[in-house]
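Peer 1:
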Amino acid sequence: AKLAYRAEVFELQRQLARQQAQFDMLAGQASSLIQGRRARVSAMSAVSVQLISLDEILSSRNLEMNAVLGRITATTQELAHYHSGDEDSIYLAYSDFHPYVIGDLACTKELNRWFSKQFEKGPFRLVAEEGKSKCSWVSLDDITNGLTRGDSEKSHHHQRVTELQRLRSIFATSERQWIEAQVENAKQQAILQILKSQVSSDEAHIHRDIHSLRRKSSELAGELSTLTQKVQPFISETIPCLCSELAQLQGTYILQGLHKVFLFLSLFCMIFFSLTCF
Numbered sequence: 001a002k003l004a005y006r007a008e009v010f011e012l013q014r015q016l017a018r019q020q021a022q023f024d025m026l027a028g029q030a031s032s033l034i035q036g037r038r039a040r041v042s043a044m045s046a047v048s049v050q051l052i053s054l055d056e057i058l059s060s061r062n063l064e065m066n067a068v069l070g071r072i073t074a075t076t077q078e079l080a081h082y083h084s085g086d087e088d089s090i091y092l093a094y095s096d097f098h099p100y101v102i103g104d105l106a107c108t109k110e111l112n113r114w115f116s117k118q119f120e121k122g123p124f125r126l127v128a129e130e131g132k133s134k135c136s137w138v139s140l141d142d143i144t145n146g147l148t149r150g151d152s153e154k155s156h157h158h159q160r161v162t163e164l165q166r167l168r169s170i171f172a173t174s175e176r177q178w179i180e181a182q183v184e185n186a187k188q189q190a191i192l193q194i195l196k197s198q199v200s201s202d203e204a205h206i207h208r209d210i211h212s213l214r215r216k217s218s219e220l221a222g223e224l225s226t227l228t229q230k231v232q233p234f235i236s237e238t239i240p241c242l243c244s245e246l247a248q249l250q251g252t253y254i255l256q257g258l259h260k261v262f263l264f265l266s267l268f269c270m271i272f273f274s275l276t277c278f
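Counting in the UniProt record's numbering, the sequence shown runs from 1 upward without gaps.
1. Could you tell me if Arg71 is buried or exposed, where buried requires 16 or more neighbouring beta carbons within 10 angstroms of its beta carbon?
2. Work out the CA separation of Ala17 and Glu237 for me, nearest whole Å.
3. If we ignore side chains and look at the alpha-carbon of each, how far apart do Arg214 and Ala7 end up?
4. For the pair the region 26 to 40 and the region 60 to 80, tell me if three or more CB-CB distances fall below 8 Å.
5. Between the alpha carbons of Gln29 and Arg208, how many angstroms are there, rounded?
6. Using the C-alpha atoms, what's the distance from Ile206 back to Glu11?
7. Evaluate contact between the region 212 to 228 and the region 55 to 65, counting only Cβ atoms and requiring at least three cross-stretch pairs below 8 Å.
8. Quick check on Ala4: does DSSP put it in helix, strand or coil?
9. Please identify the residue among Arg40, Ala186 and Leu192 whose C-alpha is closest to the C-alpha of Ser53.
10. Alpha carbons only, please: which of Ala27, Gln189 and Asp202 is nearest the one belonging to Gln50?
11. Can you find the residues in the same chain that come closer than 6 Å, C-beta to C-beta, to Arg40, ignoring five residues on each side of it along the sequence?
12. Would Gln177 pass as a contact of Leu111 if the rule is Cβ separation under 7 Å?
13. Report all residues from its chain with a CB closer than 7 Å to the CB of Asn185; omit the five preceding and five following residues, and keep chain order.
14. Consider the Cβ of Gln13: report whether some Cβ of chain C lies at a distance smaller than 7 Å.
15. Compute the distance between the beta-carbons of Val199 and Met44, then report whether it is under 7 Å.
16. Report all residues from its chain with a CB closer than 8 Å to the CB of Val47; omit the five preceding and five following residues, and keep chain order.
17. Return the CA-CA distance between Pro99 and Ala80, expressed in angstroms with no decimal places.
18. Would you mind sorting Asp104 into buried or exposed? The rule is 16 or more other CB atoms within 10 Å of its CB.
19. Rounded to whole angstroms, what's the CA-CA distance from Lys109 to Glu56? Just pull it up for me.
20. For Glu219 and Glu180, I'd like the C-alpha separation in whole angstroms.
As structure tokens, this is what we get:
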């Protein structure tokens, strides 16, 4: 019976060591999950900074383009009013459009510099060519020919057509550049949606990791509680009985036997106390 009890005690010690190893493994997994979560949070903050900078750049570009389009619209309305012939005393010269021309040239130069970097290589070039193929800016060749053939004897019509062609040469590229800017805006919005979906996916992974860690922790706590209930009867009943039997068997060597039992009991209690506290 004594040997059986000893074997059972050793088996319980091995189970305790095995549970300790499993607990260490779970603690390592928990630390790795926490590190992964921190890495994902840092990546998400970097992506948020990039999104904010992209939004600011797009807002500034839209403001510039809206200003240019407003000036072009005002100029077109003035030209239409002039060509309607309601007020013959009004004459629009090139000097009247000088501020608009300066603003348009500055915006065109900046947009050309930016678009040349974006649309000269890779897939952006194909997107730009597709946008140009769908462009609908005004072509005055047919109108010019019709007016020249129908009113060739009227010089003021020819002057009006010439003035309109000159304005077309100045502002013809604005609509194409606006369409290219819209294409780039659409691509940036698509990238923004992809980044938002990635952020949502990372948050879902973090949520699942937290639930998995909590479930494993609860399972480990249940196993430790069960093991504690199994070990408690041995501490309260079996080990004192073994001590008394050893004292009777040892006889004259009772002090040495009690010393060994005391050492064994102290070692077992230390292991159990360390596991319980952990």
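By construction, the Cβ of each residue, glycine as well, lies at the ideal position given by its N, Cα and C atoms.
Peer 2: With the given structure in hand:
1. What you label residue 71 is simply residue 71 of the sequence shown in a count that begins at 1. If you draw a 10 Å sphere on the C-beta of Arg71, you find 16 or more other C-beta atoms in it, and that means buried.
2. In the sequence shown, counting from the first residue as 1, residue 237 sits at position 237. In the sequence shown, counting from the first residue as 1, residue 17 sits at position 17. Those two C-alpha atoms are separated by around 23 Å.
3. As a position in the sequence shown, residue 214 is number 214, starting the count at 1. As a position in the sequence shown, residue 7 is number 7, starting the count at 1. Taking the straight line from one Cα to the other gives about 35 Å.
4. Result no; under three Cβ-Cβ pairs closer than 8 Å.
5. For the purposes of this step, residue 29 is taken as residue 29 along the sequence shown, with counting starting at 1. For the purposes of this step, residue 208 is taken as residue 208 along the sequence shown, with counting starting at 1. Taken atom to atom, the span from the alpha-carbon of Gln29 to that of Arg208 is near 14 Å.
6. Against the sequence shown, residue 11 aligns to sequence position 11. Against the sequence shown, residue 206 aligns to sequence position 206. Roughly 39 Å between the two C-alpha positions.
7. Touching, no, given that fewer than three Cβ pairs across the two stretches are closer than 8 Å.
8. Residue 4 sits at position 4 when you count from the first residue of the sequence shown. The answer is helix: DSSP assigns Ala4 an H, G or I state.
9. For the purposes of this step, residue 53 is taken as the residue at position 53 of the sequence shown. Ranking Arg40, Ala186 and Leu192 by Cα distance to Ser53 puts Leu192 first.
10. Working through the sequence shown from its first residue, we reach residue 50 at position 50. The residue with the shortest Cα to Cα distance from Gln50 is Gln189.
11. Taking the first residue of the sequence shown as 1, we reach residue 40 at position 40. Around Arg40: Asp202.
12. Locating residue 177 in the sequence shown gives position 177, where the first residue counts as 1. Locating residue 111 in the sequence shown gives position 111, where the first residue counts as 1. For Gln177 and Leu111, yes; Cβs fall inside 7 Å.
13. Numbered from 1 along the sequence shown, position 185 holds the residue referred to as residue 185. For Asn185, where only same-chain residues beyond five positions count, the Cβ hits under 7 Å are Leu58.
14. In the displayed structure, chain C is absent; only one protein chain is listed.
15. As a working mapping, residue 199 is identified with position 199 in the sequence shown. As a working mapping, residue 44 is identified with position 44 in the sequence shown. Closer than 7 Å, so yes.
16. If you number the sequence shown from 1, residue 47 lands on position 47. Here the set comprises Leu195, Gln198 and Val199.
17. Numbered from its first residue, the sequence shown carries residue 99 at position 99. Numbered from its first residue, the sequence shown carries residue 80 at position 80. Computed Cα separation, rounded: 19 Å.
18. For the purposes of this step, residue 104 is taken as residue 104 along the sequence shown, with counting starting at 1. Around the C-beta of Asp104, 16 or more other C-beta atoms lie within 10 Å, and the residue is accordingly described as buried.
19. Numbered from its first residue, the sequence shown carries residue 109 at position 109. Numbered from its first residue, the sequence shown carries residue 56 at position 56. Roughly 20 Å separates the two Cα atoms.
20. By one-based count along the sequence shown, residue 219 stands at place 219. By one-based count along the sequence shown, residue 180 stands at place 180. Taking the straight line from one Cα to the other gives about 59 Å.
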